[in-house]
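S.K.: Let me begin by handing over the structure; questions about it come next.
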Amino acid sequence: MTTNYDDLYKKAVEAAGRPRPTILQWHAVDGSRPWLLKLHGDIDRTEGIVLTRRDFVLFDAKSRPAGSLLQVLLLTRHVLIVGASLSDGNVIRLAMEVDEFLRPSIGRSEQGAFVDVSGVEARKGL
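So this is what it looks like as structure tokens:
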């Protein structure tokens with residue numbers, strides 16, 4: 033899952049010799065290929081990009097199934113989120129809702145791990 037709408041992830045996957053992932057929501061998932069949920073749109077489909085404050089506020093109304101898919105994944109699997117800001121209100125809200133849903137059954141908050149590579153020093157190691 034990513035909130036980036038650029039094609040850097042697709043290029044990195046191809047450069048590694050792996051098959052290009054199916055991009056949700058514009059293509060149907062094929063069980064034989066990996067897929068990538070681009071929560072805030074894709075550069076190849078500019079009409080779906082979440083960029084303005086209005087886009088962020090209307091995210092649920094326009095993209096509820098994508099948010100629901102992320103929540104199902106957070107409930108049932110380990111999820112790697114690449115290219116999402118820890119200040120992204122939509123991603124944080126979706127994760128917090130899952131945490132709140134699970135809290136009665138596990139008795140504590142369990143947010144998982146976050147790695148922030150936004151700083152210059154962190155990026156040098158990449």
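Using our numbering, you'd call the opening residue of the sequence shown number 33 and step up by one each time. Note that beta-carbon positions come from the ideal geometry of N, C-alpha and C, so glycine has one too. None of these values were measured; they are calculated from a predicted model.
When we look at the beta-carbon of residue 73 and count the other beta-carbons within 10 Å, is it buried (16 or more) or exposed?
M.R.: Taking the sequence shown and counting its residues from 1, the one referred to as residue 73 is at position 41. Around the CB of residue 73, 16 or more other CB atoms lie within 10 Å, so the residue is classed as buried.
S.K.: Only counting the same chain, and skipping five residues up and downstream in sequence, which positions put a Cβ closer than 6 Å to that of residue 66?
M.R.: Position 34 of the sequence shown, counting from 1, holds the residue named residue 66. 53, listed in sequence order.
S.K.: For residue 115 and residue 58, I'd like the C-alpha separation in whole angstroms.
M.R.: Here residue 115 corresponds to residue number 83 of the sequence shown, with the count starting at 1. Here residue 58 corresponds to residue number 26 of the sequence shown, with the count starting at 1. Rounded to the nearest angstrom, the two C-alpha atoms are 19 Å apart.
S.K.: Provide the residue span of the beta strand (DSSP E) that contains residue 68, from first to last.
M.R.: Start at 1 with the first residue of the sequence shown, and residue 68 comes out as number 36. Segment 67–69, the beta strand (DSSP E) holding residue 68.
S.K.: Threshold first: 4 residues or longer. Then list the alpha helix (DSSP H) segments lying entirely within the segment 61–102, N to C.
M.R.: Unbroken alpha helix (DSSP H) runs of no fewer than 4 residues, entirely contained in the segment 61–102, are found at 85–89, following chain order.
S.K.: Assign residue 35 to one of three DSSP states: helix, strand, or coil.
M.R.: One-based indexing of the sequence shown puts residue 35 at position 3. If DSSP states are grouped into helix, strand and coil, residue 35 belongs with coil.
S.K.: When we look at the beta-carbon of residue 91 and count the other beta-carbons within 10 Å, is it buried (16 or more) or exposed?
M.R.: Within the sequence shown, residue 91 is the residue found at index 59, counting from 1. Buried: at least 16 other Cβ atoms inside 10 Å.
S.K.: Within the continuous beta strand (DSSP E) that includes residue 124, where are the two ends?
M.R.: Within the sequence shown, numbered from 1, the residue matching residue 124 stands at position 92. Where residue 124 is concerned, there is no enclosing beta strand (DSSP E), although the alpha helix (DSSP H) it sits in stretches over 121–138.
S.K.: Measure the alpha-carbon distance for residue 128 versus residue 46 and round it to whole angstroms.
M.R.: Sequence index remark: in the sequence shown, residue 128 carries index 96 (1-based). Sequence index remark: in the sequence shown, residue 46 carries index 14 (1-based). Residue 46 has its alpha-carbon roughly 33 Å from the corresponding atom of residue 128.
S.K.: Can you tell me which residues form a DSSP beta bridge with residue 55?
M.R.: On the sequence shown, position 23 is the one that residue 55 refers to. Residue pairing of residue 55 in beta bridges, as defined by DSSP: 68.
S.K.: Going by the CB atoms, is the gap between residue 139 and residue 122 shorter than 8 Å?
M.R.: Indexing the sequence shown from 1 puts residue 122 at position 90. Indexing the sequence shown from 1 puts residue 139 at position 107. It is not a contact, given that the beta carbons lie outside the stated cut-off.
S.K.: Is the beta carbon of residue 130 less than 8 Å from the beta carbon of residue 112?
M.R.: If you number the sequence shown from 1, residue 130 lands on position 98. If you number the sequence shown from 1, residue 112 lands on position 80. Not closer than 8 Å, so no.
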